Amino acid sequence: MNQNLAFADYAVFIIYFIVVSVYGYTVYRKRKQDEQDAKAYFLAEGNLTWWAIGASLIASNISAEQFIGMSGEGFFLGIAVAAYEWLAAIALIIVAVWFIPVYLKNKIYTMPQFLKTRYNESTALIMAVFWLFLYVFVNLTSILYLGAVAINGLAGGEYLHVIMLGLAVFALFISLGGMKVVAYTDVIQVAVLIIGGLVTSYIALTTVGRYFGVGENAIAGFNVLMEKAPEHFKMIIPRPTATSSQLEIDKYLTFPGLLSYAAGIWIINLNYWGCNQYITQRALGADLQTARTGILFAGMLKLLMPLIVMLPGIAAFVLYQNGHLPQLVGGKDGAYSAILTFLPTGLKGLSVAALTAAIVASLAGKVNSISTIYTLDVHKKYIQKDAGEKQQVNIGRIAVFVAMLLAVLFTWNDILGIGGVGGFTYIQKYTGFISPGVFAMFFLGMFWKRTTGTAAIVGVILGFLLSVLFNEYAPMLFGNDTLLYTAYPNGKGAFEIPFHICMGLSFFFTMLAMIAISFAGPKVNPKAFEIDSEMFKVKPQTTVLIVITLLIIVALYVKFW
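Numbering (the numbering used here), first residue to last: 4 to 564.
Pasting the structure below:
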């Protein structure tokens with residue numbers, strides 16, 4: 004025990020650990036007779052239920068960088084950061100209606116397979132290797148590092164490496180059982196995540212109410228937040244003027260008003276939810292209606308996420324500004340941990356369990372995707388072409404272990420420098436550079452038959468180079484005063500283009516280049532996907548889910564515009 008966690012907190016956490024472990028082992032035992040079937044191991048035998056798909060999508064998506072990073076952005080920016088979550092719900096609708104039918108109709112199980120089927124072997128191999136490096140050295144390492152740091156802070160600050168190993172071993176235990184074990188344990192993980200997150204938000208609001216004399220009432224506490232920090236409840240960040248403060252400039256650089264909605268935020272969401280093995284793998288083995296319902300269920304759950312991962316940050320801001328919160332450890336990223344100090348004994352353990360659930364689910368989902376890509380798209384195609392079902396499963400398990408070992412080694416002493424920029428920024432920085440090119444390659448490949456393999460390869464490379472160019476040399480290209488970005492120095496004496504707008508520009512010019520190259524190539528591409536209008540039709544119950552989700556989003560934007 005230590006000053007942060009009491010015996011009851013440890014007891015709650017241990018109960019969570021036992022429940023997840025026992026349930027995961029039970030699921031594994033039930034499917035053990037099929038464990039030598041590669042499809043069963045990598046794609047859960049193609050029979051996940053819609054609720055398992057939806058819960059697994061959310062559990063894999065929400066990790067320490069959301070709990071810690073988005074809460075920190077709530078502290079700094081306010082409700083505007085909720086756009087990532089609410090527009091993700093719309094992106095999931097688009098993926099469910101238009102992307103998933105294309106994958107399922109053409110029997111696509113991995114993203115490199117998509118590229119091979121649509122373009123050529125070279126494109127598939129290049130992107131398979133690229134995704135493996137990205138998933139291991141960017142995503143996996145940052146999830147592990149930021150998660151260990153967050154839990155270590157709550158546990159007293161002396162157990163970083165022990166916690167890091169514990170998270171890695173727990174995730175390995177789940178992921179070695181294959182996708183079905185990962186997906187069904189994710190149902191428990193997401194339940195713990197949501198319950199623990201909502202409890203934390205409730206306590207944060209009642210704490211605000213108590214300190215400001217309106218009683219321990221969550222609604223009254225929320226009204227206090229809106230009264231004390233009205234600027235934190237605006238979805239649109241105004242463009243700075245000549246008299247703007249550095250803080251206002253920094254906020255705009257983080258989320259550049261309406262231009263965010265015309266540029267990068269859509270690329271981020273559609274690329275993440277529609278072109279990402281880590282995410283789409285949950286639905287690729289199911290039938291179309293089950294996959295669609297599961298994805299739409301995930302979209303509805305996304306509407307809850309700002310309440311869980313952002314609202315505690317705004318509460319921390321109001322408490323901090325009014326002297327009711329001590330100095331934050333780690334700046335804005337310490338907002339969530341600071342709020343947890345207000346939780347009573349027992350509920351702290353539940354919140355730690357929720358944070359652990361988010362971390363472990365993301366780690367397990369990530370290594371499962373790494374294993375799938377390596378085994379099916381690299382090892383079987385280029386190293387051991389005659390590998391049987393049992394061998395593929397064993398190779399997949401070895402890949403899981405090696406990926407996690409590499410993540411631990413590179414995170415152990417922060418070799419990659421994750422802590423220098425923060426895990427959330429680390430992920431956004433390195434994945435954002437490649438998102439425009441990758442999304443352009445997938446989007447045109449799905450819906451325009453003339454797109455060629457040459458255009459796809461050029462698009463990925465050009466998208467990356469343009470992202471670097473626009474990020475580093477925007478003033479040379481556009482001058483120092485343009486509507487594309489703030490016209491005022493960023494504190495370092497240099498003009499800077501907001502990241503979202505950089506992505507939008509990169510995507511636009513990459514699309515133009517790919518279209519031009521494709522027109523200059525073969526007139527008919529024999530590898531175009533099989534697409535027909537029937538596959539995009541939705542059933543009435545699906546339409547109802549879509550309409551409900553859209554109405555909720557519209558209502559939220561009307562309220563906080």
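Idealized CB from N, CA, C, for every residue including glycine. Treat the numbers as computed from the prediction; the structure is a model and nothing was measured.
Any chance you could list the alpha helix (DSSP H) runs of at least 4 consecutive residues sitting entirely within the region 249-285, in chain order?
Every alpha helix (DSSP H) stretch that sits fully inside the region 249-285 and reaches 4 residues is listed by chain position as 249-257, 260-265 and 267-277.
Contact check, residue 191 vs residue 66, beta carbons under 7 angstroms
What you label residue 191 is simply residue 188 of the sequence shown in a count that begins at 1. What you label residue 66 is simply residue 63 of the sequence shown in a count that begins at 1. Taking 7 angstroms as the Cβ cut-off, residue 191 and residue 66 do not qualify as a contacting pair.
Secondary structure of residue 213, DSSP reduced to three states:
By one-based count along the sequence shown, residue 213 stands at place 210. In this structure, residue 213 counts as helix in the three-state DSSP scheme.
Nearest neighbour of residue 565, chosen from 521, 306 and 196 [CA to CA]:
Look at the range of the chain in this structure, 4 to 564, and you will see that residue 565 is not part of it.
Would you mind giving the Cβ-Cβ distance between residue 263 and residue 503, rounded to the nearest angstrom? I have them listed as a contact below 8 angstroms.
Against the sequence shown, residue 263 aligns to sequence position 260. Against the sequence shown, residue 503 aligns to sequence position 500. Rounded to the nearest angstrom, the Cβ distance from residue 263 to residue 503 is 5 angstroms, consistent with a contact under 8 angstroms.
According to the Cβ coordinates, are residue 354 and residue 203 closer than 7 angstroms?
Locating residue 354 in the sequence shown gives position 351, where the first residue counts as 1. Locating residue 203 in the sequence shown gives position 200, where the first residue counts as 1. Result yes, Cβ atoms of residue 354 and residue 203 sit closer than 7 angstroms.
Spatial neighbours of residue 215 within its chain, please: C-beta separation below 7 angstroms, excluding the five flanking residues on both sides.
If you number the sequence shown from 1, residue 215 lands on position 212. Closer than 7 angstroms at Cβ, skipping near neighbours: 227.
Give the DSSP-derived three-state secondary structure of residue 380 in the structure shown.
Here residue 380 refers to the residue found at position 377 of the sequence shown. In the structure shown, residue 380 falls within a helical segment according to DSSP collapsed to helix, strand and coil.
Which value, in whole angstroms, describes the spacing of the CA atoms of residue 82 and residue 564?
Position 79 of the sequence shown holds residue 82. Position 561 of the sequence shown holds residue 564. The alpha-carbon atoms of residue 82 and residue 564 are separated by roughly 10 angstroms.
Kindly indicate which residue of 86, 8, 12 and 142 has the alpha-carbon position closest to the one of residue 371.
Position 368 of the sequence shown, counted from the start, is the residue given in the question as residue 371. When 86, 8, 12 and 142 are compared, the shortest CA-CA separation from residue 371 is found for 142.
Host alpha helix (DSSP H) of residue 12 (start-end)
The count along the sequence shown starts at 1 and reaches residue 12 at position 9. That run of the alpha helix (DSSP H) goes 10-33.
Just to confirm, is the Cβ distance from residue 295 to residue 14 under 7 angstroms?
For the purposes of this step, residue 295 is taken as residue 292 along the sequence shown, with counting starting at 1. For the purposes of this step, residue 14 is taken as residue 11 along the sequence shown, with counting starting at 1. Contact flag unset, no.
From residue 3 to residue 328, what does the alpha carbon distance come to, in whole angstroms?
Because residue 3 is not part of the residues shown, which for the chain are 4 to 564, the question remains open.
Do the region 154-164 and the region 175-183 meet, that is, are 3 or more Cβ pairs less than 8 angstroms apart?
Output reads no: the region 175-183 does not touch the region 154-164.
Measure the C-alpha to C-alpha separation of residue 471 and residue 506 and round it to an integer number of angstroms.
Locating residue 471 in the sequence shown gives position 468, where the first residue counts as 1. Locating residue 506 in the sequence shown gives position 503, where the first residue counts as 1. Across the structure, residue 471 and residue 506 are spaced so that their CA atoms are roughly 10 angstroms apart.
Write down the C-beta distance between residue 565 and residue 356 rounded to the nearest angstrom, noting that I regard them as a contact closer than 8 angstroms.
Residue 565 is absent from the structure shown; the chain starts at 4 and stops at 564.
Identify every run of the alpha helix (DSSP H) within the region 97-125, keeping only runs that are complete inside it and at least 4 residues long; order them along the chain.
Within the region 97-125, the runs of alpha helix (DSSP H) at least 4 residues long that lie entirely inside it are, in chain order, 103-108 and 114-121.
Flag this pair as touching only if the region 315-323 and the region 87-97 have three or more C-beta atom pairs under 8 angstroms; answer yes or no.
Between the region 315-323 and the region 87-97, the count of C-beta pairs closer than 8 angstroms stays below three; the two stretches do not touch.
Nearest to residue 221 by alpha carbon, out of 314, 275, 136 and 257?
On the sequence shown, residue 221 is found 218 positions in, with the first residue counted as 1. Per the Cα distances, 314.
Can you find the residues in the same chain that come closer than 6 angstroms, C-beta to C-beta, to residue 516, ignoring five residues on each side of it along the sequence?
Mapped onto the sequence shown, residue 516 falls at position 513. Correct list, in chain order: 465.
Out of curiosity, what's the CA-to-CA distance linking residue 183 and residue 463?
Here residue 183 refers to the residue found at position 180 of the sequence shown. Here residue 463 refers to the residue found at position 460 of the sequence shown. C-alpha separation (whole angstroms): 32 angstroms.
Are three or more beta carbon pairs between the region 232-240 and the region 377-397 nearer than 8 angstroms?
No, they do not touch.
How big is the Cα-Cα spacing for residue 20 and residue 267?
As a working mapping, residue 20 is identified with position 17 in the sequence shown. As a working mapping, residue 267 is identified with position 264 in the sequence shown. Between residue 20 and residue 267, the C-alpha separation is close to 38 angstroms.
Quick one: what's got a C-beta closer than 8 angstroms to residue 385's C-beta in the same chain, skipping five residues either side?
Against the sequence shown, residue 385 aligns to sequence position 382. Residues 128 of the same chain have their beta carbon placed closer than 8 angstroms to that of residue 385, with the five preceding and five following residues left out of the count.
Rounded to the nearest angstrom, what separates residue 52 and residue 284 at their Cα positions?
Residue numbering aside, residue 52 sits at position 49 when the sequence shown is read from its first letter. Residue numbering aside, residue 284 sits at position 281 when the sequence shown is read from its first letter. If I take the Cα positions, the gap works out to 14 angstroms.
Got a sec? Which residues, its chain only, sit under 6 angstroms from residue 304 by beta carbon, not counting five neighbours each side?
On the sequence shown, residue 304 is found 301 positions in, with the first residue counted as 1. If we look at residue 304 and ignore the five residues flanking it on each side, its Cβ neighbours are 61.
Answer yes or no: do residue 120 and residue 380 have a C-beta to C-beta separation smaller than 7 angstroms?
The count along the sequence shown starts at 1 and reaches residue 120 at position 117. The count along the sequence shown starts at 1 and reaches residue 380 at position 377. No.
Have a look at 338, 12 and 458 and flag the residue whose alpha-carbon is nearest the alpha-carbon of residue 76.
Working through the sequence shown from its first residue, we reach residue 76 at position 73. In this structure, 338 is the residue among 338, 12 and 458 with its C-alpha nearest to the C-alpha of residue 76.
Please give me, in chain order, every unbroken run of the alpha helix (DSSP H) with length at least 4 that falls completely inside the region 341-402.
You should have 350-376.
Supposed contact pair residue 361 and residue 56 - C-beta distance, whole angstroms, cut 8 angstroms
Within the sequence shown, residue 56 is the residue found at index 53, counting from 1. Within the sequence shown, residue 361 is the residue found at index 358, counting from 1. A Cβ-Cβ distance of about 18 angstroms is found for the pair residue 56 and residue 361, leaving them out of contact under the 8 angstroms criterion.
In three-state DSSP terms, what is residue 542?
Mapped onto the sequence shown, residue 542 falls at position 539. In this structure, residue 542 counts as coil in the three-state DSSP scheme.
Beta-carbon gap between residue 348 and residue 9 smaller than 7 angstroms
Residue numbering aside, residue 348 sits at position 345 when the sequence shown is read from its first letter. Residue numbering aside, residue 9 sits at position 6 when the sequence shown is read from its first letter. Going by C-beta atoms, residue 348 is nearer than 7 angstroms to residue 9.
Apply the 10 Å Cβ neighbour rule to residue 342 and answer buried if 16 or more other Cβ atoms are within range, or exposed otherwise.
Along the sequence shown, read from residue 1 onward, the residue named residue 342 stands at position 339. Classification for residue 342: buried.
According to DSSP, simplified to helix, strand and coil, what is residue 453?
Position 450 of the sequence shown holds residue 453. Note: residue 453 maps to coil in three-state DSSP.
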